[in-house]
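So the structure is just underneath, and the comments pick up after that.
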Amino acid sequence: MSNYPLLFEPITINKMQMSNRIVMPAMHLNYTPDGAVSDQLVAFYRERAEGGAGLCIVGGCVINDRSGGPFMVNILKDDDIPGLTRLAKAIQDGGARAGVQLYMAGAYAHSFAIGQQSISSSPHFSKFTKQDAREMSLEEIAQVQDDFVQAALRAQKAGMDMVEILASAGYLICQFLSPTINKRTDEYGGSLENRMRFGLEVVRKTRAAVGPDFCVGVRVAGNDFVPGNHTNEEAALFAKACQDAGADMINVTGGWHETKVPQLTHELPAAGFAYLARGVKRAVSVPVASSNRIHGPGLAEEILARGDADLICMGRPLIADPELPNKAKAGRVDLIKRCVACNQGCFDAIMTLGPIGCMVNPRASHEALGKPGPAAAAKKVVVVGGGAAGAQAAITAAERGHKVTLFEAADTLGGQIAWYWRSTEKPDFAAIPAWQGAYLKELGVDVRLGQRAEADSIAALGPDHVVLASGARPVMPPIPGLSGPGVVHAWDVLKGKAPVIGREVVVIGGGAVGLETAINVAKRGALTPEQAYYLTLFRGESPEAIDRLLTTGSHNVTVLEMLPKIGKGVGRSTAWIVYLLIKRFGIKPITGVKVLSVEPGKVTFDSSDGQIAIKADTVIVAAGAAPVNDLLEPLRAKGLDVSVIGDAGGGLTVLDAIAQGYKLAAEL
1 MSNYPLLFEP ITINKMQMSN RIVMPAMHLN YTPDGAVSDQ LVAFYRERAE GGAGLCIVGG
61 CVINDRSGGP FMVNILKDDD IPGLTRLAKA IQDGGARAGV QLYMAGAYAH SFAIGQQSIS
121 SSPHFSKFTK QDAREMSLEE IAQVQDDFVQ AALRAQKAGM DMVEILASAG YLICQFLSPT
181 INKRTDEYGG SLENRMRFGL EVVRKTRAAV GPDFCVGVRV AGNDFVPGNH TNEEAALFAK
241 ACQDAGADMI NVTGGWHETK VPQLTHELPA AGFAYLARGV KRAVSVPVAS SNRIHGPGLA
301 EEILARGDAD LICMGRPLIA DPELPNKAKA GRVDLIKRCV ACNQGCFDAI MTLGPIGCMV
361 NPRASHEALG KPGPAAAAKK VVVVGGGAAG AQAAITAAER GHKVTLFEAA DTLGGQIAWY
421 WRSTEKPDFA AIPAWQGAYL KELGVDVRLG QRAEADSIAA LGPDHVVLAS GARPVMPPIP
481 GLSGPGVVHA WDVLKGKAPV IGREVVVIGG GAVGLETAIN VAKRGALTPE QAYYLTLFRG
541 ESPEAIDRLL TTGSHNVTVL EMLPKIGKGV GRSTAWIVYL LIKRFGIKPI TGVKVLSVEP
601 GKVTFDSSDG QIAIKADTVI VAAGAAPVND LLEPLRAKGL DVSVIGDAGG GLTVLDAIAQ
661 GYKLAAEL
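Every letter in the sequence shown is one number past the one before it in UniProt numbering, and letter 468, counting from 1, is 468.
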């Protein structure tokens, strides 16, 4: 019996035959700075196809000069067809079916990018893009519908196997569907039937143009998660209407971009939106895809077994590991580099118009450069430190043929990650040391856990190169009183090694670690998800009481930050969630302050309002960390060639640390 039989069962949608149920959905990648298909885009999708995906959907692809922004793939003129043909062939030669997503942003388009005012169903100010959109005329409606049709025909001419019409995430078709935005009084506004008309006409006209045998899909929001907008009930009605209009498959995702419901980060439970796909599937007879946070084959198989969906979208999981399908089919799940929902390499990059990368896959965005080849000569390499950076360096060096020994003083791999994931409720991070450990074993790396490396023991191995990845240690700033009672370090709090006592808690430092710690402490004593489920199921408390108790913990938390703003080091795409949690849990940030002293029961600081003392039963210090590179000079004194990576060389994100370890080893 094969591994994951449902996931790897072939399926035919219209005339499109897929080898399995795995779909790589359309995602902004920022690999096409001028809109033309690039070598990097082709290489990226070729690897995902060769890695075993059943269908790769490219996009969003802009259909006219009003539809998108910079770095998106163009499908707006016939000159784009040759590049798309090349892309389709690369995907198909890799073993997958190829599709494109037809994208029209509407009010989500930036005027600076399109050179004109954005358009929408009605005059509308977008909370997401801060753009004032004007209402489309009937002539413009007809023109945009034809733009969809012409783009679909170009995809067909390019040899693509399908097109997907984007009707999710708050883009133009959603803006017609939305009762809070669409205030038209003609046939495109008012009733649900009228508000669906624009999108359904796009589907009908596309179907008529491409013929009966070409696959047409629609990506819908299973719930807008915007007050006053569509729920799963209306989504199911729209999906059924799309099917009746000619759609062959429905791809179900979560809400709009402007929703306050996280859709991609760890706050969304694994497969947390599968219920949305189930609601749509019960209303239609065409295949339905489930999306968002389906990070592994076991979870995917479970969704298929329950009958919640027919197809599984894996976007970021396939950025993280293009070989995920092949590894799953071969029973090597232990080697899957799992997406950890960090957003560091992907959506943080989108926010700065950078190319999409990945924390756990440092090759992402560099596929066109190829994989590092075998080393010209095998070397003896010693890596000191089994955190993310050190383990990655050891893996890449071993892959290239070097003989690698790795020292780790702790009993487990992972470094800070080994304890970080538990305290911050990010269990996906535990996958990093797990797959790194599996790779090290597979590659025959000599891993010496529980052994603290010394200069003499390293030199005794006769290494050609030493990689120092020994991490960092927390620092205490020179503030009077920090050595007194009731003062603990954030790392020790997060590790569970330091007690947090008393009602009033003050965190010194409002960077990423300080805020993570503040949220961790503020949650203590609040209802757990299990308690909330119990009280909801048995109606032990009112919904209003449960909502209040979910964010009312045992501690009042204040954060003191010397900078004008909190959040230094927090990712741009996830900062809004951190700030939302700070607000919901009643955490009080005070910025622009200088802490003067800590005494039993109080903290005194200077601010723009003068000198202030506040009560503090526990003081938590989150003032940064210092590199641990004590071995650097002793090793160099022995004439050894040494490189320093990760936190041992200065504070880095996990994204940068892993990338640094990979790059160093790729060049050894």
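Glycine is no exception: its CB is placed at the ideal position from the N, C-alpha and C atoms.
Under the three-state reduction of DSSP output, residue 543 falls in the helix class. By the beta-carbon neighbour count (other beta carbons within 10 angstroms, threshold 16), residue 281 is buried. Sequence-distant partners of residue 126 (beyond 5 residues in either direction) whose C-beta falls short of 7 Å from its own C-beta, in its chain, are 107, 108 and 133. Within 10 angstroms of the beta-carbon of residue 293 lie 16 or more other beta-carbons, which makes it buried.
The shortest C-alpha to C-alpha distance from residue 224 to any of 244, 169, 79 and 306 is the one to 169. In the DSSP assignment, residue 164 falls within the beta strand (DSSP E) that extends over 162-167. According to DSSP, residue 118 shares a beta bridge with no other residue. The beta carbon of residue 594 sits closer than 7 Å to those of 562, 605 and 606, all from its chain and outside the five residues before and after it, given in chain order.
Below 8 Å, enough C-beta pairs join the segment 520-535 and the segment 549-559 to call them touching: three or more.
Looking at the DSSP output, residue 295 shares a beta bridge with no other residue. If you draw a straight line from the Cα of residue 204 to the Cα of residue 212, it is about 11 Å long. For residue 533, the three-state secondary structure derived from DSSP is helix. The three-state reading of DSSP puts residue 242 in helix, counting H, G and I together.
For residue 452, the three-state secondary structure derived from DSSP is coil. With a threshold of 16 other beta carbon atoms within 10 Å, residue 322 meets it and is buried.
The C-alpha of residue 217 lies about 14 Å from the C-alpha of residue 151. Of all C-beta pairs linking the segment 533-547 to the segment 649-664, fewer than three are shorter than 8 Å, placing the two stretches out of contact.
If you compare the alpha carbons of 625, 262 and 16 with that of residue 649, the shortest gap goes to 625. Looking at the DSSP output, residue 408 sits in a beta bridge with 449. When the beta-carbon positions are compared, residue 173 and residue 120 stay at least 8 Å from each other. Taken in chain order, the whole alpha helix (DSSP H) runs of length 4 or more contained in the segment 45-124 are 81-93 and 111-114. Taking a cut-off of 8 Å for Cβ pairs, the segment 306-320 and the segment 397-414 do not touch, as fewer than three such pairs fall below it.
The bridge partners DSSP lists for residue 618 are 505.
A residue is called buried when at least 16 other Cβ atoms come within 10 angstroms of its Cβ; residue 475 does not meet this threshold and is exposed. Residue 469 and residue 389 do touch by the CB rule: their CB atoms are close to 5 Å apart, below 8 Å. Counting only the Cα atoms, residue 201 lies some 9 Å from residue 142.
In this structure, DSSP gives residue 11 an extended state, which the three-state scheme calls strand.
The closest CA to that of residue 28, considering only 18, 41 and 232, is found on 41. At the C-beta level, residue 45 and residue 76 stay beyond 8 Å of one another.
Counting along the chain, the unbroken alpha helix (DSSP H) around residue 436 starts and ends at 431-442.
Residue pairing for residue 201: DSSP places it in no beta bridge.
In this structure, the beta-carbon distance from residue 417 to residue 386 does not fall below 8 Å. The alpha-carbon of residue 568 is positioned some 27 Å away from that of residue 391.
Just so you know, the alpha carbons of residue 236 and residue 254 end up roughly 13 Å apart.
In the DSSP annotation of this structure, residue 472 is not part of any alpha helix (DSSP H); the continuous beta strand (DSSP E) holding it starts and ends at 472-474. The criterion of a C-beta distance shorter than 8 Å is satisfied by residue 161 and residue 98.
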